[in-house]
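In the numbering used here, the protein residues as written are 3 to 1069.
1. Figure out for me which residue from 727, 204, 743 has the closest Cα to the Cα of residue 764.
2. Is the Cβ-Cβ distance between residue 71 and residue 346 less than 8 Å?
3. Ignoring anything shorter than 3 residues or poking outside the region 604-671, list the beta strand (DSSP E) runs there in chain order.
4. Can the beta-carbon of residue 318 be found closer than 8 Å to that of residue 349?
5. Are the CB atoms of residue 142 and residue 164 within a distance shorter than 8 Å?
6. Could I get the ranges of all uninterrupted beta strand (DSSP E) runs contained in the region 934-981, with 3 residues as the minimum, in chain order?
7. Just to confirm, are residue 279 and residue 311 a CB contact at a threshold of 8 Å?
8. Starting from the C-beta of residue 756, find all residues in its chain whose C-beta is less than 7 Å away, skip the five residues before and the five after it, and write them out in chain order.
9. Under the DSSP definition of a beta bridge, which residues are partnered with residue 1009?
10. For residue 637 and residue 585, which I take to be in contact (beta-carbon distance under 8 Å), what is that distance rounded to the nearest angstrom?
11. Among all the DSSP beta bridges, which residues are the ones paired with residue 406?
12. According to DSSP, which residues form a beta bridge with residue 446?
13. Starting from residue 109, trace the alpha helix (DSSP H) both ways and give me its first and last residue.
14. With distance defined between alpha-carbon atoms, name the residue in 208, 394, 123 nearest to residue 186.
15. Let's see if you can read the secondary structure: which residues bound the beta strand (DSSP E) around residue 422?
16. Which partner residues does residue 52 have in the DSSP bridge list?
17. Runs of 3 residues minimum, wholly inside the region 224-309: which ones carry the beta strand (DSSP E) assignment?
18. Could you tell me the distance, in whole angstroms, from the CA atom of residue 233 to the CA atom of residue 239?
19. Shortest alpha-carbon distance to residue 1087 belongs to which of 386, 826, 407?
20. Please classify residue 58 as buried or exposed, where buried requires at least 16 other C-beta atoms within 10 Å of its C-beta.
21. If you measure between the beta carbons of residue 122 and residue 398, is that distance less than 8 Å?
22. For residue 526, count neighbouring C-beta atoms within 10 Å of its own C-beta (all shown protein chains included) and say buried if the count is 16 or more, exposed if not.
23. Which word fits residue 446, buried or exposed, when buried means at least 16 other C-beta atoms lie within 10 angstroms of its C-beta?
24. If you drop the 5 nearest sequence neighbours on each side, which residues of the same chain put their C-beta closer than 8 Å to that of residue 256?
25. For a quick check, are the C-beta atoms of residue 95 and residue 155 less than 8 Å apart?
26. Should the region 864-877 be regarded as contacting the region 922-942, the criterion being three or more beta carbon pairs within less than 8 Å?
27. Use the C-beta contact count for residue 2: other C-beta atoms within 10 angstroms, 16 or more gives buried, fewer gives exposed.
28. Which residues bound the alpha helix (DSSP H) around residue 204?
29. Between residue 190 and residue 247, what straight-line distance do the alpha-carbon atoms span, to the nearest angstrom?
30. If you drop the 5 nearest sequence neighbours on each side, which residues of the same chain put their C-beta closer than 6 Å to that of residue 877?
31. Output the boundary residues of the alpha helix (DSSP H) element that contains residue 473.
32. Going by DSSP in three states, residue 1059 sits in which element: helix, strand or coil?
33. Please identify the residue among 694, 966, 1021 whose C-alpha is closest to the C-alpha of residue 744.
34. Compare the beta carbon distance of residue 555 and residue 590 with 8 Å and say whether it is the shorter of the two.
35. Grab the span of the beta strand (DSSP E) containing residue 1032 for me, first residue to last.
36. Which residues share a DSSP beta bridge with residue 600?
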């Protein structure tokens, strides 16, 4: 609220008119006017939603526009007389959650907001408009172009100072002909604003037969892959050369990078977007900001029209000048965001309508009436001529901008009222850097309609040409026929020769291996086993192994009783033998004599990839994983381009590794040869589910189409997950069995059920995306192996991947760091030795422990003078009877832990604890003159003081009754026993000290006369004579109580809490 004097000439004139019959002249009224009454103005609060952070942080460049508009209204005497505009501003972050929360806060906080200014993003306006309607609060948005907001049955209190994209079709009907274009492709996200914009544009353009939108691509910006983006762009460029991207900044960046990768920024194509900012090319997580900003060059941005001129420049200057009032600073007025004008005009629209409502006698809380008064409103705002139609929308004009010097610069305007497209004096730089507008179509048109075939006049020489052609055709045909006949003859001879055939007897077996083994992947063979040909077999063998013609071979049994060699099988075997590639395991041959039907292939000493991955002793770094993935891709690329065309059973156990760590694809093809095998009993009932872990969903349990090249790509994707996870497929789902996994994959759920690869397992994010592309549910979008090889090469910074080079580099690295490793191990050994020594020093004195470590015998030693401390707990037996064993253990553990912390501060040695008894000595094993008595006395005072704060866990209100006795004298100390050796004290001094303790009183320190004499020599100790005490074995002795020492300020337990004599046990 604020005070204001209300007086105006108009009001005086009205008073004069009404009071004229009372003979009051104007002078009298003027005198009366001097008695001015002061009234309180009513504050009208605006709840302003501006995004300072989030996906579009425009607030720091425009928020002060609200202050300018409010001051303009409050300082005008003809506006809102008796009312005053105030505001509260919050960060909407341009998202739904914060926009709605801010609206609720505006209405819950006092004073409540009477009107909402903003939000500026459709994600906040769509739900926020319903909230404003529910509360009957006018909402004037300075952004929000969603078409649904025009429906006044849903949003009766919503108005916006920006236009919608409904007029986009009129813009393009003027823009396209300006450059001779008539086609446009639309790439739109599934977000409501952008999908509606594309639909409206396509419908509006195609009402006129002169224009068409032949391609309409829709995608989810949150989940679309780079592969899908490139596929959409490839299709779009076949339909149109002008492409509109209807999306927010992050999705625009992704599409422009796709165009960059496809070479579509060479000046052939035109790209347009809406409401984009240049900084959207930065901040990506893919490390491609430089390429993205390069791709933005030549991108045309469509934005709402903002006037140019001195008036607008003055306004931006004022926004810049007043930004510190909202907590931000701009370097220059040119940094002011264009939406500051729309924000400013939103306040003026509300003020105009409120002023009209008040003049009509309405109430400032009647949101619907105020909103109705906005319809048809026209005035000149900072955004130019502003008119609000009956849908609460602004009649839209646009500006077209081109990217120059890292910002968007206007080069044309489109005025919605006149449908006029006006070019400005600004050179347009098109994609590729040229100033000439792209043709907008292929040279011959999209269907070749612009290049009709040339009509060749007939000449009289055609008969000669015809004869020559016939002769040529006959000659070539004859030559080709002869070559084909020769080739067929050679092929048939090769079939009959059966070079692949191997006699089973020619295969030699190791002495311990005379027949086919089990299905287990790994079989250990001891070193030094001699083969049947005298060869020596060393290390591990990963399959059924034999030797053929002096070379080791892998033999795989075919479970068939007999085999009929048809022509198709002979062709199949010949094609297998003709395969030669470094990443394809060579097919040596096959045995076809029953019952020893088997396939013989080259033996790879490292076993299968599955064996290697499951061997935890083998460390595979990122380069090894890339090399393995590349080897498999190269081998499969060769197979797919060979006569075989399909592997059909690609999995990690069918990839083998030789001595040079080269991966080879094996167990491919021979489907006819292997068909009809008997069921393998050893495999188990779940074998079919295990084998299908690598099978594409379209081939699972599909006997008609059991395999395809796309299916091989799927299996490759599963192997990629095994490489980085070092386990079987889907091993990260530990609670699922193989049957359940296969059924979920086969079902084709959405999203597809696949292995989970986390970013911390891979060395490049492209690896995860490549795996996802390979195992895509739609087989048509899976990449080729050639594309996989390009992606792998890109992961290696464009270099070829060679595993041998990587191994050499690793060996050099290990050599360089060998000394560091040895030093590290030595340090770890020293740390462990230190821990062992610390444990030993807790059990025995350091000097004694050192002697034992050196292997020297430890002899007993006599100490002329030491002081020994004993303590126990008075009434411990009764206390123990009231407690459980665990509670007793907790009590003693708490007590002795506290004691141990205290004795570390004194020159004493803890001898032992027995039950509630605690024994400490000073002066041994390290002699300390006569300080031993002082050290024990000081320690005793600290321990007794500890009892003031010590609490028993299960009996917190009970005082623990500690009784202490100390005595000085000579003793013998030595190590007793071999197992669990102990450092023990012997002599009458030990017994004497024990008697002093057992004859003392609770909460007191009982001192023998011998100890008292030494304490007196040391001086400063406060001793009280107890009197004569009868002591077993000692007679009657005059003893003392230690009550303190000079400088000791810790409180001792209150003796009023001391246990009674009936609770003491004296010995």
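Don't be surprised by glycine CBs; every beta carbon is placed ideally from N, CA and C.
So, from the data block:
1. The count along the chain shown starts at 1 and reaches residue 764 at position 762. Of 727, 204, 743, the residue nearest in Cα terms is 727.
2. Translated into the one-based positions of the chain shown, residue 71 becomes position 69. Translated into the one-based positions of the chain shown, residue 346 becomes position 344. Closer than 8 Å, so yes.
3. 657-659, 665-667
4. Here the question's residue 318 lines up with position 316 in the chain shown. Here the question's residue 349 lines up with position 347 in the chain shown. Cβ atoms of residue 318 and residue 349: not closer than 8 Å.
5. Here residue 164 corresponds to residue number 162 of the chain shown, with the count starting at 1. Here residue 142 corresponds to residue number 140 of the chain shown, with the count starting at 1. Against a cut-off of 8 Å, the Cβ pair of residue 142 and residue 164 comes out as no contact.
6. 964-978
7. For the purposes of this step, residue 279 is identified with residue 277 of the chain shown, where counting begins at 1. For the purposes of this step, residue 311 is identified with residue 309 of the chain shown, where counting begins at 1. No, the Cβ-Cβ distance between residue 279 and residue 311 is not below 8 Å.
8. Within the chain shown, residue 756 is the residue found at index 754, counting from 1. 777, listed in sequence order.
9. Position 1007 of the chain shown holds residue 1009. Residue 1009 is bridged to 968, 1042.
10. The residue labelled residue 637 in the question sits at position 635 within the chain shown. The residue labelled residue 585 in the question sits at position 583 within the chain shown. That belief holds up - the Cβ atoms of residue 637 and residue 585 are roughly 3 Å apart, short of 8 Å.
11. One-based indexing of the chain shown puts residue 406 at position 404. Per DSSP, 409.
12. Sequence index remark: in the chain shown, residue 446 carries index 444 (1-based). Paired residue(s): none; residue 446 is not in a bridge.
13. In the chain shown, counting from the first residue as 1, residue 109 sits at position 107. First-last of the alpha helix (DSSP H) with residue 109: 98-110.
14. Against the chain shown, residue 186 aligns to sequence position 184. If we check each option's Cα against that of residue 186, 208 comes out closest.
15. Taking the first residue of the chain shown as position 1, residue 422 is located at position 420. From DSSP, the beta strand (DSSP E) with residue 422 extends over 422-425.
16. What you label residue 52 is simply residue 50 of the chain shown in a count that begins at 1. Answer is 93, bridged to residue 52.
17. 244-248, 272-276, 302-306
18. In the chain shown, residue 233 corresponds to position 231, counting from 1. In the chain shown, residue 239 corresponds to position 237, counting from 1. Rounded to whole angstroms, residue 233 and residue 239 show a C-alpha spacing of 10 Å.
19. What the structure shows of the chain is the stretch from 3 to 1069, and residue 1087 is not part of that stretch, so it cannot be assessed.
20. Position 56 of the chain shown holds residue 58. So residue 58 counts as buried.
21. The residue you call residue 122 lines up with position 120 of the chain shown. The residue you call residue 398 lines up with position 396 of the chain shown. In this structure, the beta-carbon distance from residue 122 to residue 398 does not fall below 8 Å.
22. Position 524 of the chain shown holds residue 526. For residue 526, the pLDDT reaches just 35, beneath the cut-off of 50, and the residue's location in the model is therefore unreliable, leaving the point undetermined.
23. Residue numbering aside, residue 446 sits at position 444 when the chain shown is read from its first letter. It is exposed - the Cβ of residue 446 has fewer than 16 other Cβ atoms within 10 Å.
24. Mapped onto the chain shown, residue 256 falls at position 254. Counting only residues of its own chain and dropping the five nearest sequence neighbours on each side, residue 256 has a CB closer than 8 Å to the CB of 223, 226, 228, 231.
25. Residue mapping note: residue 95 aligns to position 93 of the chain shown, counting from 1. Residue mapping note: residue 155 aligns to position 153 of the chain shown, counting from 1. Going by C-beta atoms, residue 95 is not nearer than 8 Å to residue 155.
26. Of all C-beta pairs linking the region 864-877 to the region 922-942, three or more are shorter than 8 Å, placing the two stretches in contact.
27. The first residue shown for the chain is 3 and the last is 1069, placing residue 2 beyond what the model contains.
28. Working through the chain shown from its first residue, we reach residue 204 at position 202. From DSSP, the alpha helix (DSSP H) with residue 204 extends over 194-208.
29. Here residue 190 refers to the residue found at position 188 of the chain shown. Here residue 247 refers to the residue found at position 245 of the chain shown. Roughly 6 Å separates the two Cα atoms.
30. Counted from its first residue, the chain shown places residue 877 at position 875. Result list for residue 877: 963, 1061, 1065, in chain order.
31. For the purposes of this step, residue 473 is identified with residue 471 of the chain shown, where counting begins at 1. Its alpha helix (DSSP H) spans residues 464-499.
32. Stepping through the chain shown from its first residue, residue 1059 is reached at position 1057. Helix, per DSSP.
33. Sequence index remark: in the chain shown, residue 744 carries index 742 (1-based). Nearest option by C-alpha distance: 694.
34. On the chain shown, residue 555 is found 553 positions in, with the first residue counted as 1. On the chain shown, residue 590 is found 588 positions in, with the first residue counted as 1. Result yes, Cβ atoms of residue 555 and residue 590 sit closer than 8 Å.
35. The residue given as residue 1032 occupies position 1030 in the chain shown. For residue 1032, the enclosing beta strand (DSSP E) has its first and last residue at 1023-1033.
36. Within the chain shown, residue 600 is the residue found at index 598, counting from 1. 559, 593.
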